[in-house]
Amino acid sequence: FSFKNKLGGGNMKIVQKINTKDLANFNSYLLDINLSYKFSIIILGALSLILGVASIVFELIKIQTVLVPTIIISTLLIIIGIFAFTGLKPLLRTLIKKRVIKKNEQIDDIRVTLSDVGLLWEFDNKPSEKEINPYTWSSIIKACEKDEYIYIHVDAYVVLFIKKDACDNIQEVTSFLKEKLANRYKNK
386 FSFKNKLGGG NMKIVQKINT KDLANFNSYL LDINLSYKFS IIILGALSLI LGVASIVFEL
446 IKIQTVLVPT IIISTLLIII GIFAFTGLKP LLRTLIKKRV IKKNEQIDDI RVTLSDVGLL
506 WEFDNKPSEK EINPYTWSSI IKACEKDEYI YIHVDAYVVL FIKKDACDNI QEVTSFLKEK
566 LANRYKNK
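Each residue of the sequence shown is one higher than the last, beginning at 386 in my numbering.
#1: Based on the DSSP output, what are the partners of E530 in its beta bridges?
#2: Please report the straight-line C-alpha distance between V558 and L499, rounded to a whole angstrom.
#3: So, helix, strand or coil for Q401, using DSSP?
#4: Any beta carbon from chain D within less than 8 Å of F546's own beta carbon?
#5: Just to confirm the assignment: which complete beta strand (DSSP E) runs, minimum length 3, are found wholly within the segment 396-455?
#6: If we ignore side chains and look at the alpha-carbon of each, how far apart do A528 and K482 end up?
#7: Examine the Cβ distances between the segment 451-468 and the segment 428-441 and report whether three or more of them are shorter than 8 Å.
#8: In terms of residues, what are the limits of the beta strand (DSSP E) holding I495?
#9: With distances taken Cα to Cα, identify the nearest neighbour of I537 among G472, L505, K406.
#10: Roughly how many whole angstroms lie between the Cα atoms of N554 and Y414?
#11: If I follow the unbroken alpha helix (DSSP H) through V558, where does it start and stop?
#12: If contacts are defined as beta-carbon pairs under 8 Å, then I547 and I399 qualify, I think. What distance do you get, rounded to the angstrom?
#13: Can you check whether the CB of V539 is closer than 8 Å to the CB of S560?
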């Protein structure tokens with residue numbers, strides 16, 4: 386069907402001026418919800434800590450002393466484990482922010498239209514039909530309201546966002562989304 390023709394009356398139109406801060410926040414959100422990243426961090430951190438401590442304990446049991454190479458390797462493994470749990474995520478956020486700022490000097494505005502049929506996502510400076518992304522309400526997996534954004538998961542690999550400060554009436558937008566998505570709308 387043609388989404389544009391089915392929008393009908395009563396649409397909510399949102400024009401979002403996107404900046405590098407928005408893209409950095411969006412990428413941080415994607416990092417937060419990435420399960421493979423979370424599992425990798427847990428495995429890396431736990432494995433490093435366990436191997437570091439176990440090698441010291443093993444040498445103490447086996448030869449009643451700990452050799453200098455074991456101390457060095459164990460210390461490195463323990464540091465890697467602690468870093469995986471405490472410092473890796475902030476480091477990745479910083480790297481993401483630097484990369485986003487470097488790659489996105491000119492960012493097009495995004496037009497979001499909400500209607501009874503669904504959501505329409507368009508880039509302002511690219512009127513080509515290929516750049517128009519319509520999503521029906523039934524095709525949207527979930528929406529998560531968090532801080533300054535509403536993140537809309539249209540499938541397992543595609544997440545869109547609506548900037549709250551781009552909405553004329555954010556309560557009207559959130560009420561509309563809650564009505565259309567019901568229990569798929571989460572307020573974090």
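Ideal Cβ placement from N, Cα and C applies to all residues, glycine included. Quick caveat, the model's predicted, so the values are computed rather than measured.
Per the coordinate set shown:
#1: Looking at the DSSP output, E530 shares a beta bridge with I535, N572.
#2: Straight across, the Cα-Cα distance linking V558 with L499 is about 8 Å.
#3: Reduced to three states, the DSSP call for Q401 is strand.
#4: Considering every chain present, this structure includes no chain D. It has just one protein chain.
#5: 397-401
#6: 24 Å
#7: yes
#8: 495-499
#9: Checked all of G472, L505, K406; the closest Cα to I537 is L505.
#10: 24 Å
#11: 555-566
#12: 6 Å
#13: no
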